[in-house]
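In our numbering, the protein residues as written are 2 to 416.
Don't be surprised by glycine CBs; every beta carbon is placed ideally from N, CA and C.
None of these values were measured; they are calculated from a predicted model.
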């Protein structure tokens with residue numbers, strides 16, 4: 002690679018290498034999927050391989066040792082960096098994760114040994130496996146939770162699958178032995194999701210409307226391009242004045258927004274439409290509350306101040322599909338639009354279709370088969386229009402309700 006120094010303030014244009022100059026057809030390349038396919042977008046790949054563990058991220062081929070910015074104590078940063086640097090060899094470097102803060106030297110060293118063994122196995126598979134084969138797969142959800150989230154004091158980790166329980170016992174015994182006693186196989190008759198209200202929470206996380214304790218609410222809409230969040234006061238009118246009511250609702254919504262982003266796994270561009278505030282101080286404090294609420298998010302977030310239109314733009318790193326995309330599919334009735342044509346709209350479409358068919362074909366009578374709602378609307382509200390249509394064409398038009406028809410569905414049959 003070519004390196005060139007550029008003085009501060011000096012403009013320099015660099016030619017970006019064409020991909021065909023870097024790789025050739027038929028060449029074997031080891032890549033890692035860093036972003037799953039989403040919608041019409043394919044998976045994002047990288048040749049910069051990383052392997053995470055509980056306290057570290059391993060970077061094969063690198064000699065760098067970095068420390069998470071969330072570890073603020075300089076003495077602790079220096080301690081962790083010293084332990085890790087002593088273990089760096091030709092295999093690669095490391096990034097020290099936030100979870101390593103305050104962890105004993107021995108645990109860091111065990112993590113490093115685990116990552117080295119893991120990478121050695123990947124290299125072994127790379128040498129022995131044919132092209133286009135999987136060398137390593139991220140652990141299952143249960144293992145990732147043990148690896149990434151279990152760091153605070155806890156009493157129990159309950160598992161309702163005997164197979165998963167056995168696998169987790171084996172994993173914790175060799176990797177996190179202090180958690181072995183916390184594992185518990187749940188064998189109760191009541192479903193574990195129901196007992197801990199997970200079922201209801203997952204259902205609520207799929208709804209557009211999120212109610213706030215004050216009576217206000219959020220409306221969350223997810224599209225291919227972005228996610229929009231609209232805040233409303235709802236039934237909350239406050240006890241003082243309107244400005245205080247608006248401010249309090251906006252402040253309360255920041256905690257709910259941060260929680261919903263995590264629960265729904267929303268990523269990419271997110272536009273937040275807070276209720277308009279006249280006070281610049283109120284807007285500043287709302288932004289502070291939002292940033293504080295987002296500071297607990299494991300995914301990287303980036304927020305921008307209120308725009309001229311009163312909107313807050315932010316981004317959240319997205320590596321997996323959102324909860325809605327995982328659990329739901331597009332509605333077959335509206336084809337994912339989120340709305341269907343009104344009965345009035347379908348009614349007038351029927352009239353136009355009958356007129357078109359009458360001009361194109363010779364028939365004595367037209368039978369129109371439509372949904373129950375549309376058929377009832379025509380008979381109650383548009384019977385005079387049917388009479389006028391029959392008079393204009395000189396032919397009968399019969400409306401027949403079909404219980405199995407969707408609201409937008411209809412057929413015109415010539416008799």
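- Apart from the 5 residues on each side of it in sequence, residue 297 sits with its Cβ closer than 8 Å to the Cβ of 259 in its chain, given in chain order.
- Around the Cβ of residue 257, a 10 Å sphere holds 16 or more other Cβ atoms; the residue is buried.
- Counting only residues of its own chain and dropping the five nearest sequence neighbours on each side, residue 273 has a CB closer than 6 Å to the CB of 230 and 313.
- Linking residue 133 to residue 37 through their CA atoms gives a straight-line distance of about 17 Å.
- Rounded to whole angstroms, residue 323 and residue 266 show a C-alpha spacing of 5 Å.
- Here the region 70-81 makes no contact with the region 33-53; the two share fewer than three CB pairs at distances below 8 Å.
- In this model, residue 87 and residue 311 are separated by some 51 Å (Cα to Cα).
- Taking the Cβ atoms as the reference, residue 341 lies roughly 5 Å from residue 408, within the contact range of under 8 Å.
- In the structure shown, residue 125 adopts helical secondary structure according to DSSP, grouped into three states.
- For residue 396, there is no enclosing alpha helix (DSSP H), since its DSSP letter is neither H nor E.
- Leaving aside the five residues that flank residue 288 on each side, the residues in its chain whose CB is nearer than 8 Å to its CB run, in chain order, 304, 306, 307 and 313.
- Residue 169 is positioned such that its CB atom lies no closer than 8 Å to that of residue 155.
- Exclusion of the five residues before and after residue 368 leaves 399, 401, 414 and 416 as the residues of its chain whose Cβ lies within less than 7 Å of its Cβ.
- Rounded to the nearest whole angstrom, the CA to CA distance from residue 187 to residue 328 is 25 Å.
- Counting C-beta atoms within 10 angstroms of its own C-beta, residue 142 has fewer than 16 neighbours from the protein chains shown and is therefore classed as exposed.
- In the same chain as residue 337, and ignoring 5 residues on each side of it, the C-beta atoms closer than 8 Å to its own belong to 331, in chain order.
- Buried is the label assigned to residue 262, since at least 16 other Cβ atoms lie within 10 Å of its Cβ.
- At the C-beta level, residue 309 and residue 264 stay beyond 8 Å of one another.
- Within the model, the alpha-carbon separation for residue 21 versus residue 56 is close to 38 Å.
- Contact between residue 144 and residue 172 holds, with the beta-carbon distance rounding to 6 Å and staying under 8 Å.
- Boundaries cannot be given for residue 307, as no alpha helix (DSSP H) includes it and DSSP labels it neither H nor E.
- Linking residue 406 to residue 361 through their CA atoms gives a straight-line distance of about 26 Å.
- Judged by beta-carbon spacing, residue 62 lies beyond the 8 Å limit of residue 83, meaning their Cβ atoms are not closer than that value.
- Beta-bridge annotation (DSSP): residue 199 is not paired with any residue.
- Less than 8 Å divides the Cβ of residue 254 from the Cβ of residue 232.
- In this structure residue 158 is in contact with residue 180, their Cβ atoms being roughly 7 Å apart against a cut-off of 8 Å.
- Judged by DSSP secondary structure, residue 233 falls within the beta strand (DSSP E) whose first and last residues are 228-233.
- The three-state reading of DSSP puts residue 369 in strand, counting E and B together.
- Looking from the CA of residue 318, the closest CA among 284, 227 and 291 belongs to 227.
- Within the region 96-170, the runs of beta strand (DSSP E) that reach at least 3 residues and sit entirely inside it are, in chain order, 158-160.
- Nearest to residue 321 by alpha-carbon distance, out of 275, 139 and 375, is 139.
- Where residue 208 is concerned, there is no enclosing beta strand (DSSP E), because DSSP gives it neither an H nor an E.
- Looking from the CA of residue 315, the closest CA among 160, 300 and 128 belongs to 300.
- DSSP, read as helix, strand or coil, puts residue 272 in strand.
- Taking 3 residues as the shortest admissible run, the region 33-99 contains the following complete beta strand (DSSP E) segments, listed from N- to C-terminal end: 33-36, 45-47, 57-61, 66-68 and 93-97.
- Residues of the same chain with a CB within less than 8 Å of the CB of residue 120, apart from the 5 flanking positions on each side, are 52, 59, 61, 92 and 93 in chain order.
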